[in-house]
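Report on the structure given below.
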Amino acid sequence: MLQRTAKDIMVPISNYATVNADDSLIQALEIFENAVSRGYRTLLVLNGQGNITGFLTTRTILKALAAYGVEEDIWTTDSWGTFFLRIERERLKKTKVKKIMRPVVQVYVDENAPVQEVARVILANQVNHIPVLDRERRVTGIVRTIDILDVLAKFLKD
Numbered sequence: 058m059l060q061r062t063a064k065d066i067m068v069p070i071s072n073y074a075t076v077n078a079d080d081s082l083i084q085a086l087e088i089f090e091n092a093v094s095r096g097y098r099t100l101l102v103l104n105g106q107g108n109i110t111g112f113l114t115t116r117t118i119l120k121a122l123a124a125y126g127v128e129e130d131i132w133t134t135d136s137w138g139t140f141f142l143r144i145e146r147e148r149l150k151k152t153k154v155k156k157i158m159r160p161v162v163q164v165y166v167d168e169n170a171p172v173q174e175v176a177r178v179i180l181a182n183q184v185n186h187i188p189v190l191d192r193e194r195r196v197t198g199i200v201r202t203i204d205i206l207d208v209l210a211k212f213l214k215d
């Protein structure tokens, strides 16, 4: 069996759904909606220079709701909850992505790293996504834990 590398299993950066760090949460949610329909559960967050600065996940969005005290009131219909939600909703809509994103851990893998090494780095750093660098140290793609599971599933079926 041919040795698979990060480059073989990564999602190319050009195919990944992105959002700008200065975009509002409401803008990000619109992008997220489109991304989910294409199978993405995470958005790459880019700064003004186009560099990856973080990830926006469903979990980070839910954490933002909790930080604004919305997690309980959003599910109830009592008048206090509704009043509170109206006030916080406007503030939450305007919240910048950079305030709620998960910053990129300074952990990367080389595009020629074997899949086993990519899995070790992901596990050691407790992340679900890891940027892949080319020879010039530019990010060319992202490996997700699901990409590694796909390789494992194919290996077990053979």
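Residue numbering for the sequence shown follows my numbering, beginning at 58 and increasing consecutively.
Using N, Cα and C, we set each Cβ at its ideal position, and we do this for glycine too.
Compute the Euclidean distance between the alpha carbons of residue i and residue j, then round it to the nearest angstrom.
| i | j | result |
| --- | --- | --- |
| Asp80 | Met158 | 11 Å |
| Asn185 | Asp204 | 10 Å |
| Gly107 | Gln60 | 32 Å |
| Leu149 | Phe89 | 16 Å |
| Arg98 | Arg195 | 23 Å |
| Arg201 | Ile83 | 25 Å |
| Val68 | Ile199 | 5 Å |
| Tyr73 | Leu100 | 7 Å |
| Gln183 | Arg116 | 15 Å |
| Ile70 | Ala123 | 30 Å |
| Ala121 | Thr152 | 9 Å |
| Ala181 | Val166 | 13 Å |
Within its chain, find whatever has a CB closer than 8 Å to the CB of residue i; leave out the 5 residues flanking it on each side and keep chain order.
| i | result |
| --- | --- |
| Thr110 | Ala78, Val102, Leu103, Asn104, Lys155, Met158, Pro160, Val161 |
Can you name the start and end residues of the beta strand (DSSP E) that residue i belongs to?
| i | result |
| --- | --- |
| Ile109 | 109–114 |
| Ile179 | Where Ile179 is concerned, there is no enclosing beta strand (DSSP E), although the alpha helix (DSSP H) it sits in stretches over 172–182. |
| Thr99 | 99–103 |
I'd like the list of long-range same chain contacts for residue i, defined as Cβ closer than 7 Å, with 5 residues on each side in sequence excluded.
| i | result |
| --- | --- |
| Glu168 | Thr62, Ala63, Lys64, Val189, Leu190, Asp191, Thr197 |
| Phe212 | none |
| Ala85 | Val76, Leu100, Leu113, Val154 |
Between residue i and residue j, which are expected to be in contact by the criterion C-beta below 8 Å, what is the C-beta distance as a whole number of angstroms?
| i | j | result |
| --- | --- | --- |
| Ile66 | Val208 | 6 Å |
| Leu113 | Val76 | 6 Å |
| Ile187 | Val164 | 6 Å |
Output the boundary residues of the alpha helix (DSSP H) element that contains residue i.
| i | result |
| --- | --- |
| Ile70 | Per DSSP, Ile70 belongs to no alpha helix (DSSP H) and is neither H nor E. |
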